[in-house]
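Student:
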Amino acid sequence: MDTQVLSEKVVAQDRRALARAITLVESSRADHRETAAALIEDIRRKSPHQALRIGLSGTPGVGKSTFIESFGTFLTEQGLRVAVLAVDPSSARSGGSILGDKTRMERLSRNPNAFIRPSPSQSHLGGVARRTREAVALCEGAGFDVILIETVGVGQSETVVAEMSDLFILLLAPAGGDELQGVKRGIMEMADIILVNKADGDLKATATRTCADYSGALRLLRKRPQDPEGFPKAMTVSALEEDGLAKAWEEMQALTTWRREAGHFAGRRAAQARFWFEEEVKQALLAQLQAPSARAAMDQLGQEVAQGATSPTAAAQQMLDTLTKG
Ligand SMILES: Nc1nc2c(ncn2[C@@H]2O[C@H](COP(=O)(O)OP(=O)(O)O)[C@@H](O)[C@H]2O)c(=O)[nH]1
Ligand SMILES: [Mg+2]
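Under the working numbering, the sequence shown has 105 at position 99, and the numbering climbs by one with no breaks.
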């Protein structure tokens with residue numbers, strides 16, 4: 007299909023066209039990459055629509071899928087269109103966090119105002135990151151109001167998701183006091199809202215305690231310029247009983263409104279655009295190093311360096327010259 011036709015259909019909110027466009031950006035074929043880049047540019051021009059991008063992280067079992075199902079459904083009941091994407095570099099092995107869980111999102115996956123897309127099957131985080139980021143752009147162009155980006159939090163994937171989100175939500179399960187240390191400080195520092203899930207039945211009291219512990223821990227963190235009074239904050243929810251969802255959404259909206267007015271929303275997007283631009287350049291340069299001719303030159307120069315015929319610095323300079331000229 008012609009890029010123009012496809013982009014028009016995506017902007018006209020045609021779901022099949024959107025799915026097709028995402029398949030295109032997920033392809034690593036050189037000609038597909040070129041078409042995908044043109045498509046994204048075209049959609050950017052055609053649709054000024056801006057979605058709220060919400061990153062959602064949490065270890066396996068905390069209830070991400072259950073939360074997305076109930077929160078996503080709640081949002082559609084507010085008249086919003088919701089897209090769900092995932093960054094899961096392990097999905098090539100595990101079969102995909104969302105795909106495997108689509109049964110847990112049965113209601114949402116049948117909802118005409120929701121769109122669920124599993125993580126692209128790639129084992130390399132950089133590849134998954136780029137494809138998800140481009141899928142976010144496509145969903146935004148397709149008029150979705152809220153884009154939920156899930157990650158299981160393996161390795162650097164939280165950072166990647168935070169770099170493509172307007173809000174970053176950390177989902178936790180009720181736990182004893184020691185577990186508080188289990189959450190890495192860096193991830194705590196990224197969170198805008200911590201949701202302690204499973205605040206129901208026997209777990210309710212523990213959830214309330216865990217929430218108080220995290221509220222205390224959040225207060226100890228350095229104040230960030232992008233936060234109004236009272237943020238970041240911790241709250242309890244029950245994804246299963248659909249409790250606390252409206253309150254959580256209210257807080258997300260309050261934070262977003264404040265950030266928009268203070269210029270932090272646009273500022274963060276601008277910084278992210280810059281970050282991903284630099285990341286793309288770096289990845290492209292690294293890819294050039296993998297080309298057979300570059301590998302051969304590296305090998306040759308490496309041997310010369312090993313034999314003491316050339317210094318590492320001089321050889322590196324020579325290599326860089328080869329790359330920029332070739
Ligand atoms: N009691 C309770 N259980 C929940 C809640 N949310 C999820 N669970 C359960 O926790 C388990 C893991 O949930 P899941 O959504 O698959 O977690 P994920 O691995 O983070 O996606 C399942 O057995 C869910 O039924 C909740 O709010 N309350
Ligand atoms: Mg899951």
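Glycine included, C-beta positions come from ideal geometry on N, C-alpha and C.
#1: In this structure, does DSSP put Glu83 in helix, strand or coil?
#2: Identify the continuous beta strand (DSSP E) that holds Gly61 and give its terminal residues.
#3: Below 7 Å, is the gap between the Cβ of Asp233 and the nearest heavy atom of ligand 3?
#4: DSSP on Thr9, reduced to helix/strand/coil?
#5: Who are Gln194's beta bridge partners in DSSP?
#6: Check whether the region 142-160 and the region 73-93 touch, using three or more Cβ-Cβ pairs below 8 Å as the test.
#7: Taking the straight line between their C-alpha atoms, what separation do you get for Arg280 and Ala141?
#8: With a Cβ-Cβ cutoff of 8 Å, do Leu201 and Val166 count as a contact?
#9: Is the beta carbon of Ala245 within less than 7 Å of some heavy atom of ligand 1?
#10: Looking at the structure shown, is Val158 part of a helix, part of a strand, or coil, going by DSSP?
#11: Three-state secondary structure (DSSP) at Asp37?
#12: Does at least one heavy atom of ligand 1 sit under 7 Å from the Cβ of Asp206?
#13: Taking Cβ positions, are Asn119 and Thr65 nearer each other than 8 Å?
#14: Can you tell me whether Arg113 is buried or exposed? The criterion is at least 16 other CB atoms within 10 Å of its CB, across all chains shown.
#15: Do you know offhand how far Asp206's Cα is from Arg136's?
#16: Which residue marks the beginning of the beta strand (DSSP E) containing Ala92, and which one marks its end?
#17: So if DSSP puts Ser244 in a beta bridge, which residue, or which two residues, is it bridged to?
#18: Report the option in Gln324, Ser163, Val152, Gly222 whose CA atom is closest to the CA atom of Asp172.
#19: Expressed to the nearest angstrom, what Euclidean distance is found between the alpha-carbon atoms of Cys145 and Met325?
#20: For the region 31-45 and the region 209-226, state whether three or more C-beta atom pairs, one from each stretch, are separated by less than 8 Å.
Tutor: Concretely, from the data shown:
#1: As a working note, residue 83 is residue 77 in the sequence shown. Three-state result, Glu83: helix.
#2: Translated into positions along the sequence shown, residue 61 becomes position 55. First-last of the beta strand (DSSP E) with Gly61: 58-63.
#3: For ligand 3, the structure offers nothing, since it holds only ligand 1 and ligand 2.
#4: As a working mapping, residue 9 is identified with position 3 in the sequence shown. The answer is helix: DSSP assigns Thr9 an H, G or I state.
#5: Translated into positions along the sequence shown, residue 194 becomes position 188. The question names Gln, but residue 194 is Met in the sequence shown. Partner(s): none; Met194 has no beta bridge.
#6: yes
#7: Numbered from its first residue, the sequence shown carries residue 280 at position 274. Numbered from its first residue, the sequence shown carries residue 141 at position 135. Taking the straight line from one Cα to the other gives about 18 Å.
#8: In the sequence shown, counting from the first residue as 1, residue 201 sits at position 195. In the sequence shown, counting from the first residue as 1, residue 166 sits at position 160. No, they are not a contact pair.
#9: Counting from 1 along the sequence shown, the entry for residue 245 is found at position 239. Answer for Ala245: yes, Cβ within range of ligand 1.
#10: Your numbering for residue 158 matches position 152 in the sequence shown. In the structure shown, Val158 sits in coil (DSSP, three-state: anything other than H, G, I, E or B).
#11: Here the question's residue 37 lines up with position 31 in the sequence shown. Correct three-state label for Asp37: helix.
#12: By 1-based counting over the sequence shown, the position of residue 206 is 200. At least one heavy atom of ligand 1 is nearer than 7 Å to the Cβ of Asp206, so yes.
#13: On the sequence shown, position 113 is the one that residue 119 refers to. On the sequence shown, position 59 is the one that residue 65 refers to. Contact flag unset, no.
#14: Looking up residue 113 in the sequence shown gives position 107. With fewer than 16 other Cβ atoms within 10 Å, it is exposed.
#15: Counting from 1 along the sequence shown, the entry for residue 206 is found at position 200. Counting from 1 along the sequence shown, the entry for residue 136 is found at position 130. Going from the Cα of Asp206 to the Cα of Arg136 covers about 38 Å.
#16: Sequence index remark: in the sequence shown, residue 92 carries index 86 (1-based). It spans 88-93 - the beta strand (DSSP E) in which Ala92 sits, taken as one unbroken run.
#17: Position 238 of the sequence shown holds residue 244. Paired residues: Asp249.
#18: Your numbering for residue 172 matches position 166 in the sequence shown. When each option's Cα is compared against that of Asp172, the closest is Val152.
#19: For the purposes of this step, residue 145 is identified with residue 139 of the sequence shown, where counting begins at 1. For the purposes of this step, residue 325 is identified with residue 319 of the sequence shown, where counting begins at 1. Whole-angstrom Cα-Cα distance: 41 Å.
#20: no
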